[in-house]
Every structure is written in C-alpha cells, then in structure tokens.
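As structure tokens, this is what we get:
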C-alpha cells in the first residue's frame, strides 16, 4: 500500500480502499492486513458485495482524522457495508480520537449538540465474525447484522445507514 508521510503518521485512506477493492474482486478468500504502525485514515467505507469471504486484520493502529469537517457526508469513521462472510481480527487499535471529537462539540456550553461519529459501522454485514477486542468505550454500530458473532465487548450505537 502506498502511504504519504505526515509527521510520524502515514495517511493511508486511498491505499486501504484500493487494497480492499482488489481483495474484494478475488474469487478466493482474501484478507486486507494493516501491518504494525500508525495510520491516519478516514472516513473510509469498505463496500461489498465481494466475490469471496473477506478478512480485515488490524495489527497496527488506525487513527481517525481530528478534523470533523472531513466527515461531512459520513456518519461513521470506518464503515463495512453489504458484505457476506467478513472476519475482523488482529488485535490492533481503532483509535477514533474521541477525546478530540468531544472537545469540538459545544453541547455543554451552548446546548447545541453536534452528532458525533460511530467509530465502526457495520451495515448489511452477514455471516461474519469479529475476533477483535474493542475497548468498552469505543463506539461500534451493529446495524443490519445477520448471524454475526463477536467475542469481545462492544457498545451499541445507532448507525444512520439503510
């Protein structure tokens, strides 16, 4: 995957989407691997349907951008949609940088509350397994799941996707 350096962090949105697109068109089961390191990525949507079962293994750290304006048309940071047979694994970190996002919300001061993003949004994801440990405070949306198993604690938040 091609990455662009920005300080000590790599900007990798397009590289992840390109890797997903290639893997999704394979007729054999494929896995996109996020190797060790820190990558600023998002918003990103991993779209199916795919031709064979898919894996997404995170061994490094994915960080959300801190500029909420980049999410103008998105309600999630990392979105998986229309995928049958997805396995998410790896033990890496999805860092939505919630401390920064909440700091940009004027809810307590002005009463105007901006809708904050869901870290991971799963829509129309079927026959899938999450083998990833999500910290209790991470926002994970389980929208439109069928036969989904997860072996970790997750928070349920609404994802506004059909």
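Residue numbers (full-length UniProt numbering): 1 to 162. Glycine is no exception: its CB is placed at the ideal position from the N, C-alpha and C atoms.
query = Which runs of the alpha helix (DSSP H), 4 residues or longer, sit entirely within the segment 60-98?
reply = Correct list: empty.
ask   = Does DSSP classify residue 58 as helix, strand or coil?
value = By one-based count along the chain shown, residue 58 stands at place 58. Looking at residue 58 - three-state DSSP - the assignment turns out to be strand.
query = In three-state DSSP terms, what is residue 110?
reply = Locating residue 110 in the chain shown gives position 110, counting from the first residue. Of the three classes helix, strand and coil, the one that applies to residue 110 here is helix, per DSSP.
inquiry  = Going by DSSP, what residue range makes up the alpha helix (DSSP H) through residue 14?
reply    = For the purposes of this step, residue 14 is taken as the residue at position 14 of the chain shown. Segment 13-25, the alpha helix (DSSP H) holding residue 14.
Residue 45 beta carbon less than 8 Å from that of residue 66 = Walking along the chain shown from the start, residue 66 turns up at place 66. Walking along the chain shown from the start, residue 45 turns up at place 45. Not in contact: residue 66 and residue 45 (Cβ atoms no closer than 8 Å).
When 130, 42, 30 and 26 are compared against residue 16, the one with the closest alpha-carbon = Reading the chain shown from its first residue, position 16 is the one you call residue 16. Considering only alpha carbons, the answer is 42.
query = What number of angstroms, rounded off, separates the C-alpha of residue 84 from the C-alpha of residue 54?
reply = For the purposes of this step, residue 84 is taken as the residue at position 84 of the chain shown. For the purposes of this step, residue 54 is taken as the residue at position 54 of the chain shown. Between the alpha carbons of residue 84 and residue 54 lies a distance of about 8 Å.
ask   = What residues in its chain sit with their C-beta under 6 Å from that of residue 49, if we drop five residues either side in the sequence?
value = As a working note, residue 49 is residue 49 in the chain shown. 82.
Range of the contiguous beta strand (DSSP E) that encloses residue 45 = In the chain shown, residue 45 corresponds to position 45, counting from 1. Residues 44-47.
request  = Compare the beta carbon distance of residue 63 and residue 95 with 8 Å and say whether it is the shorter of the two.
outcome  = On the chain shown, position 63 is the one that residue 63 refers to. On the chain shown, position 95 is the one that residue 95 refers to. Contact: yes.
request  = Assuming residue 25 contacts residue 51 (C-beta within less than 8 Å), just tell me the rounded distance between them.
outcome  = For the purposes of this step, residue 25 is taken as the residue at position 25 of the chain shown. For the purposes of this step, residue 51 is taken as the residue at position 51 of the chain shown. Indeed they touch by this definition, with Cβ atoms about 6 Å apart.
inquiry  = I'd like the list of long-range same chain contacts for residue 23, defined as Cβ closer than 8 Å, with 5 residues on each side in sequence excluded.
reply    = On the chain shown, residue 23 is found 23 positions in, with the first residue counted as 1. Result list for residue 23: 30, 31, 32, 50 and 54, in chain order.
query = Just reading off the beta strand (DSSP E) that residue 119 is part of, what are its end residues?
reply = The count along the chain shown starts at 1 and reaches residue 119 at position 119. Residues 118-126.
ask   = From residue 111 to residue 119, what distance separates their C-alpha atoms?
value = Within the chain shown, numbered from 1, the residue matching residue 111 stands at position 111. Within the chain shown, numbered from 1, the residue matching residue 119 stands at position 119. One C-alpha to the other measures close to 24 Å.
query = From which residue to which residue does the beta strand (DSSP E) around residue 30 run?
reply = Position 30 of the chain shown, counted from the start, is the residue given in the question as residue 30. Segment 30-34, the beta strand (DSSP E) holding residue 30.
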